[in-house]
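Novice: Mind having a look at this structure? Questions to follow.
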Amino acid sequence: MLLDSHSKVCCTVTDFFSTNEINKLIAIMSLSEKLFRLSFMLVFPCLAHQSKSLIIEGDRGLRRALYGENVFYVYFVLHQDQYLRGTPLKASLEVASPSECMLECLNNHECFSFNIASAYNEKKTLRCEILSEDKYRNAKGLIDSQVYQHYSIKTPCLSLPCKNGGTCVAKYEDNKFKCVCSPGYTDFYCATACQAHLGMQNRKITAAQISASSQFSSKHSSEGARLFNQPSGSQVGCWSAVRNNLHQWIQIDLRTKTRVTQVATQGRPSDTYKQWVTRYKLLFSDDGISYEGFVAQGDSVVKEFEGNSDRDTVKTNSLIPPIKARYIRLAPTAWNGHISARIELYGCLEDMTALGMESGAINDSQISASSSYDIYHGTSRARLHTMETSAFARGAWSSKIADAHQWIQVDLVEMKNVTYIATQGRNDVNQYVTMYKLEQSSDGVNFTSYKMQGDSSATVSRFCRLTAFSYKNETIGSSGNEGSNARKASIRKTIN
Numbered sequence: 001m002l003l004d005s006h007s008k009v010c011c012t013v014t015d016f017f018s019t020n021e022i023n024k025l026i027a028i029m030s031l032s033e034k035l036f037r038l039s040f041m042l043v044f045p046c047l048a049h050q051s052k053s054l055i056i057e058g059d060r061g062l063r064r065a066l067y068g069e070n071v072f073y074v075y076f077v078l079h080q081d082q083y084l085r086g087t088p089l090k091a092s093l094e095v096a097s098p099s100e101c102m103l104e105c106l107n108n109h110e111c112f113s114f115n116i117a118s119a120y121n122e123k124k125t126l127r128c129e130i131l132s133e134d135k136y137r138n139a140k141g142l143i144d145s146q147v148y149q150h151y152s153i154k155t156p157c158l159s160l161p162c163k164n165g166g167t168c169v170a171k172y173e174d175n176k177f178k179c180v181c182s183p184g185y186t187d188f189y190c191a192t193a194c195q196a197h198l199g200m201q202n203r204k205i206t207a208a209q210i211s212a213s214s215q216f217s218s219k220h221s222s223e224g225a226r227l228f229n230q231p232s233g234s235q236v237g238c239w240s241a242v243r244n245n246l247h248q249w250i251q252i253d254l255r256t257k258t259r260v261t262q263v264a265t266q267g268r269p270s271d272t273y274k275q276w277v278t279r280y281k282l283l284f285s286d287d288g289i290s291y292e293g294f295v296a297q298g299d300s301v302v303k304e305f306e307g308n309s310d311r312d313t314v315k316t317n318s319l320i321p322p323i324k325a326r327y328i329r330l331a332p333t334a335w336n337g338h339i340s341a342r343i344e345l346y347g348c349l350e351d352m353t354a355l356g357m358e359s360g361a362i363n364d365s366q367i368s369a370s371s372s373y374d375i376y377h378g379t380s381r382a383r384l385h386t387m388e389t390s391a392f393a394r395g396a397w398s399s400k401i402a403d404a405h406q407w408i409q410v411d412l413v414e415m416k417n418v419t420y421i422a423t424q425g426r427n428d429v430n431q432y433v434t435m436y437k438l439e440q441s442s443d444g445v446n447f448t449s450y451k452m453q454g455d456s457s458a459t460v461s462r463f464c465r466l467t468a469f470s471y472k473n474e475t476i477g478s479s480g481n482e483g484s485n486a487r488k489a490s491i492r493k494t495i496n
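full-length UniProt numbering puts the first residue of the sequence shown at 1, with every later residue one more than the last.
As structure tokens, then:
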């Protein structure tokens with residue numbers, strides 16, 4: 001926004017604004033003639049002609065003057081009959097008009113909203129409270145009031161863009177915002193749930209991914225540290241350290257960078273031994289060598305979490321902000337009886353991005369196969385969520401031959417880091433692949449089979465080939481003459 005150097009004050013406010021007349025205004029201060037000038041753009045038509053000299057620059061709600069500049073402004077929005085609780089930046093501030101309160105806020109770089117009295121007092125002044133908070137970061141502080149009005153700076157946060165309890169943090173001078181998500185949610189608007197079991201309880205996390213500083217015996221191994229685990233055979237159903245001190249820990253290797261939003265713990269499942277961790281710290285790492293302690297949002301020291309108070313009750317702690325790492329290490333700092341624990345992690349893969357099978361970013365010429373049943377079951381139908389649309393467009397790729405030598409392949413054009421593969425069966429018939437192997441190649445000629453390794457679950461390659469060696473054909477009323485090796489595949493990646 002720029003103010004014509006020859007323009008005069010558009011309108012001077014000497015009385016309090018009627019709340020039925022104004023819902024937003026722009027305050028501008030110009031220092032070009034060594035005095036403050038105040039200009040308002042009112043929303044009702046009768047005063048629109050008074051603002052003709054005003055040129056709006058974009059849709060920003062705030063611009064504070066930089067060194068050498070002579071124009072700065074703020075765009076306020078009225079929240080009628082409301083009051084934001086907070087500590088005023090200036091104590092006992094009394095003003096002659098609302099315009100003075102606005103100028104006080106604009107002239108203070110820590111101010112982002114203000115409260116002003118609805119009526120003049122016996123001194124013919126108004127109580128003005130300029131605040132460093134806003135109603136988005138302090139939503140619980142906004143209350144109804146019969147004696148105050150609240151004004152905030154215009155921001156996209158006004159439309160409440162952050163979902164699932166996320167907090168909108170306004171970037172006023174850029175007219176942008178950032179959502180700080182509640183535990184268990186992610187993406188720009190906090191619309192995606194990120195609170196899935198990461199695999200301790202359901203054993204998707206293998207024994208090779210779990211390690212510990214020590215174990216009391218082979219019966220108390222780290223592999224037993226799974227939430228809701230129970231004694232079985234010689235196994236006690238939890239992890240127990242060999243001794244009780246501050247050097248013990250248990251660690252989970254998630255194989256790839258993962259967003260962890262919650263941690264749940266239990267103690268040892270035993271009527272005889274009353275053992276559990278009462279307090280602990282979390283450390284995390286991307287390489288398994290250098291570790292960082294978890295620090296809660298707004299704190300400056302490593303957080304000590306509250307643990308369990310008995311053997312079986314699940315104690316869940318949310319991580320704000322979420323940890324984004326491959327290795328998660330739980331280090332007990334206090335315990336009852338003996339260091340013993342069962343654990344689960346919750347979250348989602350970090351920055352998992354589809355490579356383009358479903359979206360079409362991977363074009364048809366990049367997809368090939370060992371065979372196709374016919375042109376209507378071709379490789380172009382092998383995209384995730386493909387539906388049968390006619391007899392000429394079937395709901396999957398189907399091989400011509402039903403044996404363990406059939407494959408479908410995607411050429412990614414360049415070497416890429418692939419960490420996740422999703423598949424579906426045929427949409428229109430009950431046919432699907434139950435087991436497959438994955439092969440990779442950099443040249444499309446020499447292929448190697450993918451193997452889970454201890455140092456990474458990602459594969460870097462250009463060609464990805466999926467070969468089925470087990471499949472299901474449950475076609476009702478079928479003569480059996482259609483290929484039963486029907487499948488669809490989508491490849492998604494996470495760059496670590």
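Yeah, the Cβ is synthetic: ideal placement off N, Cα and C, and Gly gets one too.
Would K281 and F294 qualify as a contact pair, given that the criterion is a beta-carbon distance under 9 Å?
Specialist: In the sequence shown, the residue the question calls residue 281 occupies position 281. In the sequence shown, the residue the question calls residue 294 occupies position 294. In this structure, K281 sits near F294, with a CB-CB distance shorter than 9 Å.
Novice: Just how far apart, CA to CA, sit C464 and D411?
Specialist: For the purposes of this step, residue 464 is identified with residue 464 of the sequence shown, where counting begins at 1. For the purposes of this step, residue 411 is identified with residue 411 of the sequence shown, where counting begins at 1. Straight-line spacing of the CA atoms in C464 and D411 works out to 7 Å.
Novice: In angstroms, rounded to a whole number, what distance separates the CA positions of S470 and G166?
Specialist: Locating residue 470 in the sequence shown gives position 470, where the first residue counts as 1. Locating residue 166 in the sequence shown gives position 166, where the first residue counts as 1. Distance between the alpha carbons of S470 and G166: 44 Å.
Novice: Apart from the five residues on each side of it in sequence, which residues of its chain come closer than 7 Å, Cβ to Cβ, to A48?
Specialist: Position 48 of the sequence shown, counting from 1, holds the residue named residue 48. With a pLDDT of 30 at A48, under the threshold of 50, the modelled position of this residue cannot be trusted; read the value that follows with caution. Excluding residues within five positions, none has a Cβ falling inside 7 Å.
Novice: Measure the CB-CB distance between S222 and Q266 and report whether it falls below 9 Å.
Specialist: By 1-based counting over the sequence shown, the position of residue 222 is 222. By 1-based counting over the sequence shown, the position of residue 266 is 266. Not a contact, by the Cβ cut-off of 9 Å.
Novice: Between which two residues does the alpha helix (DSSP H) carrying C101 extend?
Specialist: Within the sequence shown, the letter at position 101 stands for residue 101. Per DSSP, C101 belongs to the alpha helix (DSSP H) from P98 to L106.
Novice: Measuring straight from C-alpha to C-alpha, what distance separates Y264 and N138?
Specialist: Here residue 264 corresponds to residue number 264 of the sequence shown, with the count starting at 1. Here residue 138 corresponds to residue number 138 of the sequence shown, with the count starting at 1. Here residue 264 is Ala; the residue named in the question, Tyr, does not match the sequence. Distance between the alpha carbons of A264 and N138: 29 Å.
Novice: What does the Cβ neighbour count give for G360, buried or exposed, with the cut at 16 atoms within 10 Å?
Specialist: Position 360 of the sequence shown holds residue 360. Exposed, because fewer than 16 other Cβ atoms sit within 10 Å of the Cβ of G360.
Novice: Using a 10 Å radius around the Cβ and a threshold of 16 neighbouring Cβ atoms, would you call Q409 buried or exposed?
Specialist: Position 409 of the sequence shown, counted from the start, is the residue given in the question as residue 409. By the neighbour-count rule (16 or more Cβ atoms within 10 Å), Q409 is buried.
Novice: Would DSSP call K123 helix, strand or coil?
Specialist: Sequence index remark: in the sequence shown, residue 123 carries index 123 (1-based). In this structure, K123 counts as coil in the three-state DSSP scheme.
Novice: Looking at C-alpha atoms only, which residue of Y273, K416, N317 and Y327 is the closest neighbour of A354?
Specialist: Locating residue 354 in the sequence shown gives position 354, counting from the first residue. Nearest of Y273, K416, N317 and Y327 to A354, Cα basis: K416.
Novice: Quick one, which of K274, I323, K257 and Y346 has its alpha-carbon nearest C238's?
Specialist: Reading the sequence shown from its first residue, position 238 is the one you call residue 238. When only C-alpha atoms are compared, the closest one is K274.
Novice: Could you please give me the residues that DSSP links to N115 through a beta bridge?
Specialist: Within the sequence shown, residue 115 is the residue found at index 115, counting from 1. DSSP output for N115 lists E129 and H150 as bridge partner(s).
Novice: To the nearest angstrom, how far is it from the Cα of Q414 to the Cα of L283?
Specialist: Counting from 1 along the sequence shown, the entry for residue 414 is found at position 414. Counting from 1 along the sequence shown, the entry for residue 283 is found at position 283. One point to set straight first is that residue 414 is Glu, not Gln, in the sequence displayed. Those two C-alpha atoms are separated by around 35 Å.
Novice: Look at the alpha carbon of E94 and the alpha carbon of Y185, and state the distance between them as a whole number of angstroms.
Specialist: For the purposes of this step, residue 94 is taken as residue 94 along the sequence shown, with counting starting at 1. For the purposes of this step, residue 185 is taken as residue 185 along the sequence shown, with counting starting at 1. Answer to the nearest angstrom: the Cα atoms are 44 Å apart.
Novice: For residue 499 and G86, what's the separation of their Cα atoms in angstroms?
Specialist: Nothing about residue 499 can be read from this structure; the chain reaches only from 1 to 496.
Novice: From R243 to I339, what distance separates their C-alpha atoms?
Specialist: Within the sequence shown, residue 243 is the residue found at index 243, counting from 1. Within the sequence shown, residue 339 is the residue found at index 339, counting from 1. The straight-line gap separating the alpha-carbon atoms of R243 and I339 is approximately 8 Å.
Novice: Tell me the DSSP secondary structure of D411 in three-state form.
Specialist: Along the sequence shown, one-based indexing puts residue 411 at 411. Correct three-state label for D411: strand.
Novice: Can you look up E94 in the DSSP assignment and give me helix, strand or coil?
Specialist: Stepping through the sequence shown from its first residue, residue 94 is reached at position 94. DSSP places E94 in strand when its eight states are reduced to three.
Novice: Indicate whether R326 and D253 have their beta-carbon atoms separated by less than 9 Å.
Specialist: On the sequence shown, position 326 is the one that residue 326 refers to. On the sequence shown, position 253 is the one that residue 253 refers to. Closer than 9 Å, so yes.
Novice: K400 and Y373 look like a contact to me (Cβ under 8 Å); what is the Cβ gap, rounded to whole Å?
Specialist: Counting from one through the sequence shown, the residue named residue 400 turns up at place 400. Counting from one through the sequence shown, the residue named residue 373 turns up at place 373. The C-beta distance from K400 to Y373 rounds to 5 Å, short enough to meet the 8 Å contact threshold.
Novice: Tell me where the beta strand (DSSP E) around Q262 begins and ends.
Specialist: As a working mapping, residue 262 is identified with position 262 in the sequence shown. Residues I250 to Q266.
Novice: Report buried or exposed for R297, applying the criterion of at least 16 other Cβ atoms within 10 angstroms of its Cβ.
Specialist: Indexing the sequence shown from 1 puts residue 297 at position 297. Checking the displayed sequence, the identity of residue 297 turns out to be Gln instead of Arg. Q297 comes out exposed.
Novice: Among the residues of its own chain, which have a CB less than 8 Å from the CB of Y376, if the five just before and after it don't count?
Specialist: Position 376 of the sequence shown, counted from the start, is the residue given in the question as residue 376. Contacts found: A391, F392, A393 and R394.
Novice: When the distance is taken between beta carbons, is N430 closer than 9 Å to K472?
Specialist: Looking up residue 472 in the sequence shown gives position 472. Looking up residue 430 in the sequence shown gives position 430. Yes, these two residues count as a Cβ contact at 9 Å.
Novice: If you run the structure through DSSP and keep just helix, strand and coil, what is Y327?
Specialist: As a first step, residue 327 must be located in the sequence shown, where it is residue number 327. In this structure, DSSP gives Y327 an extended state, which the three-state scheme calls strand.
Novice: When DSSP builds the beta bridges, which residues end up paired with K171?
Specialist: Locating residue 171 in the sequence shown gives position 171, counting from the first residue. Answer by DSSP bridge pairing, in chain order: K176.
Novice: How big is the Cα-Cα spacing for Q365 and E304?
Specialist: Here residue 365 is taken as the residue at index 365 of the sequence shown, counted from 1. Here residue 304 is taken as the residue at index 304 of the sequence shown, counted from 1. This sequence places Ser at residue 365; Gln is not what is there. Straight-line Cα distance between these residues: approximately 54 Å.
Novice: Verify whether the separation of the beta carbon atoms of V236 and P183 is less than 9 Å.
Specialist: The residue you call residue 236 lines up with position 236 of the sequence shown. The residue you call residue 183 lines up with position 183 of the sequence shown. No, they are not a contact pair.
Novice: Secondary structure at residue 498, three-state DSSP: helix, strand or coil?
Specialist: The chain is shown from 1 up to 496; residue 498 falls before or after that span and cannot be answered.
Novice: Name the two residues that bound the continuous beta strand (DSSP E) containing Q406.
Specialist: The count along the sequence shown starts at 1 and reaches residue 406 at position 406. First-last for Q406: undefined, no H or E at that position.
Novice: Measuring only the C-alpha atoms, how far is I143 from D299?
Specialist: The count along the sequence shown starts at 1 and reaches residue 143 at position 143. The count along the sequence shown starts at 1 and reaches residue 299 at position 299. Distance between the alpha carbons of I143 and D299 is about 28 Å.
Novice: Among all the DSSP beta bridges, which residues are the ones paired with I339?
Specialist: Here the question's residue 339 lines up with position 339 in the sequence shown. According to DSSP, which records beta bridges pairwise, I339 is partnered with nothing at all.
Novice: Hey, how far is the Cα of H385 from the Cα of Q424?
Specialist: Numbered from its first residue, the sequence shown carries residue 385 at position 385. Numbered from its first residue, the sequence shown carries residue 424 at position 424. Rounded to whole angstroms, H385 to Q424 spans 8 Å at the Cα level.
Novice: On the three-pair Cβ rule with 8 Å, is the stretch 152 to 171 touching the stretch 128 to 136?
Specialist: yes
Novice: According to DSSP, Y83 sits in a beta bridge with which residue or residues?
Specialist: Taking the sequence shown and counting its residues from 1, one reaches residue 83 at position 83. Y83 pairs with I143.
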